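Here the structure is laid out as structure tokens; the discussion comes afterwards.
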Amino acid sequence: MTRLLSKSFPSLISTVFMCAVSTAAIAQSTPALTTREGDFVVHDFKFDSGETLPTLKLHYTTLGTPKRDADGHVTNAVIVMHGTGGDGHQFLRPQFANVLFAPGGLLDPAKMYIILPDGIGHGKSSKPSDGLHARFPKYDYGDMVAAQYALVTQGLGVDHLRLVMGTSMGCMHSFVWGENYPSFMDALMPLACQPVQIAGRNRAWRKMIIDGITNDSAWQGGEYKSQPQQGLRTAADMLLIAGSASHQLQKEYPTADAADAYVTEHVKKDLATLDANDVLYQVSASRNYDPSANLDKITAPVMWVNSADDFINPPETKIAEAQVKKIKNGRYVLIPASDQTHGHGTHTYAAVWQSYLAQLLKETEKK
Numbered sequence: 065m066t067r068l069l070s071k072s073f074p075s076l077i078s079t080v081f082m083c084a085v086s087t088a089a090i091a092q093s094t095p096a097l098t099t100r101e102g103d104f105v106v107h108d109f110k111f112d113s114g115e116t117l118p119t120l121k122l123h124y125t126t127l128g129t130p131k132r133d134a135d136g137h138v139t140n141a142v143i144v145m146h147g148t149g150g151d152g153h154q155f156l157r158p159q160f161a162n163v164l165f166a167p168g169g170l171l172d173p174a175k176m177y178i179i180l181p182d183g184i185g186h187g188k189s190s191k192p193s194d195g196l197h198a199r200f201p202k203y204d205y206g207d208m209v210a211a212q213y214a215l216v217t218q219g220l221g222v223d224h225l226r227l228v229m230g231t232s233m234g235c236m237h238s239f240v241w242g243e244n245y246p247s248f249m250d251a252l253m254p255l256a257c258q259p260v261q262i263a264g265r266n267r268a269w270r271k272m273i274i275d276g277i278t279n280d281s282a283w284q285g286g287e288y289k290s291q292p293q294q295g296l297r298t299a300a301d302m303l304l305i306a307g308s309a310s311h312q313l314q315k316e317y318p319t320a321d322a323a324d325a326y327v328t329e330h331v332k333k334d335l336a337t338l339d340a341n342d343v344l345y346q347v348s349a350s351r352n353y354d355p356s357a358n359l360d361k362i363t364a365p366v367m368w369v370n371s372a373d374d375f376i377n378p379p380e381t382k383i384a385e386a387q388v389k390k391i392k393n394g395r396y397v398l399i400p401a402s403d404q405t406h407g408h409g410t411h412t413y414a415a416v417w418q419s420y421l422a423q424l425l426k427e428t429e430k431k
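In our numbering, the protein residues as written are 65 to 431.
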């Protein structure tokens with residue numbers, strides 16, 4: 065049975081400008097789906113660490129067109145934020161886009177203006193591998209949300225969000241959005257996270273990745289000439305386990321040889337694409353995340369959804385049941401493990417939880 069239970073930010077802008085956008089059809093998702101992409105640049109972005117980046121590029125993808133009321137306020141904007149190591153394009157995959165962005169879907173671009181940002185350090189946004197390597201500012205989740213807010217308000221001219229949604233790291237960003245900009249959104253839908261300090265097993269596997277990279281002799285303080293393979297292999301191994309669903313893996317790889325081949329191929333693929341500094345920064349960005357003390361500042365209705373087979377957010381800790389009580393208009397849903405769930409990755413399989421999104425949108429619809 066599904067259970068339903070009822071920082072200060074950096075100084076942002078000195079000069080900003082918009083880069084040109086492009087339009088493209090996404091062949092691997094809904095055939096008619098059209099996106100627009102662009103870059104928003106913030107000058108002299110000051111990070112929580114005190115560091116400043118002269119030019120911070122924030123890449124984004126949008127679908128649909130903003131609609132405004134009689135007073136000129138945007139009424140249909142939705143931001144969807146990705147997880148650690150991802151980017152906005154992950155939401156164009158069929159398991160998400162074909163469910164929510166399809167004609168008549170809950171987030172049909174004919175009705176909604178959807179914003180898919182690449183977070184700092186991810187995708188096509190500014191990141192260590194662009195050239196600064198270990199000299200890139202030590203960003204955290206506060207910086208990432210502040211940059212998203214700048215993109216939405218100053219880059220895209222959106223003064224209100226119909227919905228703030230995020231998966232995994234983006235789920236954690238959703239709680240930060242709700243606390244720091246409580247009147248800016250109508251509703252929040254965090255998927256696959258906890259609104260507490262990263263600790264216990266969740267911190268342990270992240271620490272293993274950090275140590276694996278920094279203890280690799282090839283890392284050279286982040287100024288490596290070639291990727292530190294052993295450190296990245298540790299990262300790839302841990303990321304595989306953290307994001308896995310035991311019942312799905314057992315079903316898909318029922319023999320030792322099949323499981324071994326899967327790991328070999330998965331790690332090979334990751335080693336060909338991962339950058340050690342980018343991974344290190346991405347995993348480290350959660351180091352000071354802890355919205356638990358200010359959850360009562362969230363005023364928008366919250367529909368928070370986790371799955372019971374999530375390695376990263378195991379339900380037996382009972383963290384969610386305790387924390388949701390602090391949220392004035394918060395509800396927590398725990399989806400039981402089944403053939404339809406995918407461990408931590410259930411957050412992207414929209415068919416599993418779209419009924420809760422439908423409920424949230426209906427309840428927060430302006431009459």
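A virtual CB, placed ideally from N, CA and C, is assigned to each residue, including glycine.
Every value quoted in this text rests on a predicted model; they were computed, and no experiment measured them.
- Rounded to whole angstroms, the Cβ separation of Glu-243 and Ile-143 is 15 Å, and the two are not in contact under 8 Å.
- Take Thr-148, set aside five residues on each side of it, and the residues of its chain with a beta-carbon closer than 7 Å to its own are Ser-232, Met-233, Gln-346 and Val-347, in chain order.
- With a minimum length of 4 residues, the unbroken runs of alpha helix (DSSP H) contained wholly in the segment 361 to 403 fall at 383 to 387.
- If you check the CB distance, Trp-417 and Val-366 do not come in under 8 Å.
- Counting along the chain, Lys-110 sits inside the beta strand (DSSP E) bounded by residues 98 to 110.
- The beta carbon of Gln-258 sits closer than 6 Å to those of Asn-377 and Ile-383, all from its chain and outside the five residues before and after it, given in chain order.
- Listed in chain order, the non-local C-beta contacts of Ala-300 below 6 Å within the same chain comprise Val-331 and Asp-334, local neighbours out to five positions each way being set aside.
- In this structure, the alpha-carbon of Ala-166 lies about 26 Å from that of Pro-400.
- Here Glu-101 is buried: its Cβ has 16 or more other Cβ atoms, across all protein chains shown, within 10 Å.
- Annotation: Ala-214 to Arg-351 spans about 23 Å, alpha carbon to alpha carbon.
- Residue burial is scored here from C-beta neighbours: Ala-322 has fewer than 16 other C-beta atoms within 10 angstroms and is therefore classed as exposed.
- Note on geometry: alpha-carbon atoms of Lys-426 and Asp-207 lie some 32 Å from one another.
- Taking C-beta atoms under 8 Å as the contact rule, Ala-414 and Leu-227 fail to qualify, at a distance of about 13 Å.
- Under the 10 Å beta carbon count, Asn-341 is surrounded by 16 or more other beta carbons and is classified as buried.
- Approximately 26 Å separates the beta-carbon atoms of Ala-309 and Gly-185; this is outside 8 Å, ruling out the contact.
- Judged by beta-carbon spacing, Gln-294 lies beyond the 8 Å limit of Asp-275, meaning their Cβ atoms are not closer than that value.
- Under the 8 Å Cβ criterion, the segment 120 to 136 counts as touching the segment 170 to 181, having at least three qualifying pairs.
- Leu-215 carries a helical assignment under DSSP once its states are collapsed to helix, strand and coil.
- No Cβ-Cβ contact shorter than 8 Å links Ala-198 with Gly-114.
- When Gly-150, Thr-98 and Ala-210 are compared, the shortest CA-CA separation from Leu-120 is found for Ala-210.
- Using a 10 angstroms sphere on the CB of Arg-270, the tally of other CB atoms reaches 16 or more, which defines it as buried.
- Counting only residues of its own chain and dropping the five nearest sequence neighbours on each side, Phe-160 has a CB closer than 7 Å to the CB of Thr-412 and Ala-414.
- Ala-349 and Asp-374 have their C-alpha atoms spaced approximately 21 Å apart.
- Minimum Cα-Cα distance from Ala-141 among the listed residues Phe-111, Leu-196, Pro-192 and His-224 corresponds to His-224.
- Minimum Cα-Cα distance from Pro-173 among the listed residues Leu-97, Leu-303, Leu-359 and Arg-395 corresponds to Leu-97.
- Here the C-alpha atom of Arg-157 lies approximately 20 Å from the C-alpha atom of Leu-313.
- Comparing C-alpha distances from Thr-217 to each of Val-106, Ala-256 and Ala-134 shows the shortest one belongs to Val-106.
- Restricting attention to beta strand (DSSP E) runs no shorter than 3 residues, the segment 239 to 267 encloses them at 252 to 255, ordered along the chain.
- Nearest to Thr-298 by C-alpha distance, out of Leu-344, Ala-256 and Tyr-317, is Leu-344.
- Gly-230: member of the beta strand (DSSP E) spanning 227 to 231, first to last residue.
- Taking a C-beta distance under 8 Å as the contact criterion, Tyr-205 and Val-240 qualify as a contact pair.
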